[in-house]
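See structure below.
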Amino acid sequence: MKRAMAWVVACLFALSVTAAAETAAPKDAKAADTKAAATKDAKPRDARASDSKASVQTLKDIAVCTTKTGKAYHCEDCAVIKGKECAKTNLAEAAAAGLTPCGKCCPQQAVYCQKDDKCYHAEGCKLLKEKTAISCDEANNRELTPCAACKPPVTVYGTDTGKAYHTCKCPALAKSRVLMSVEDAAAKGLTPCGKCKPPAAPAAEPKK
Ligand SMILES: [Zn+2]
Ligand SMILES: [Zn+2]
Ligand SMILES: [Zn+2]
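Numbering of the sequence shown is given in the working numbering, commencing with residue 68 and proceeding in unit increments.
This is the structure:
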């Protein structure tokens, strides 16, 4: 009798061990699978997020100079402020102070954009639900177009004789430059220069 009991116990023990091993193994494997899947999913997402962050130039990265009394802000090498006492600041602060870009040195301008929007806007545009301040150059790089409703400030340059308008750095402006808004340029029938690729004018509002 004692022997039989011992055999039964041994059998039960063996059975329970195999059963435990059998149930334990698949569970671990499954857990490891989901873990692997989770890290696989998470990695590319993180990488993408940091990539897009790195490429964004914020207005605080753009250095400009201001004078004590002037209402404009300038590039550091502007002839207008040469020899004058000027303070170094950045575009974010200059824009917040209500300063306008100098017409001679044409520093970067601030415009506003929002996610999944193909337009950029002036600060107070009613179409802006949330806004991210970017430079005109950044807007141009992203191939955003000026909003037709708020007409954000875009300064371009015509010449005395040419039929095109330009960005401030274009070599075509060596002889003459006429400061104007991009709408004025379009109204005058000027077309964007093919070399310097200035921003396009906002779509004209339909005439009645
Ligand atoms: Zn200037
Ligand atoms: Zn707008
Ligand atoms: Zn040009």
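Note that CB positions come from ideal geometry on N, CA and C, so glycine has one too.
**Prompt:** Residues in its own chain within less than 8 Å of A239 by CB, not counting five upstream and five downstream?
**Reply:** T226, G229, A231, H233, C260, K262, C263
**Request:** Taking 5 Å as the limit, tell me which residues put their C-beta closer than that to any heavy atom of ligand 3, in chain order.
**Result:** H233, C237, A239, C260, K262, C263
**E160 versus K127, K171, C145, residue with shortest Cα-Cα distance** = K127
**Asked** Would the stretch 162–172 and the stretch 136–148 be scored as touching if the rule is three or more Cβ pairs under 8 Å?
**Response** yes
**Prompt:** What residue from T258, G191, T199 has the CA that sits closest to K182's CA?
**Reply:** T199
**Message:** Between K185, K196, G191, which has its C-alpha nearest A206's C-alpha?
**Reply:** K185
**Message:** When you measure from the CB of A206 to every non-hydrogen atom of ligand 2, does any distance come out below 8 Å?
**Reply:** no
**Prompt:** What are the start and end residues of the beta strand (DSSP E) that includes L246?
**Reply:** 245–248
**Message:** Which residues neighbour ligand 1 when neighbourhood means a C-beta less than 5 Å away from any of its non-hydrogen atoms? List them by chain order.
**Reply:** H141, C145, V147, C169, K171, C172
**Request:** Assign K218 to one of three DSSP states: helix, strand, or coil.
**Result:** coil
**Request:** Whole angstroms is fine: what's the gap from C235's alpha carbon to C192's?
**Result:** 26 Å
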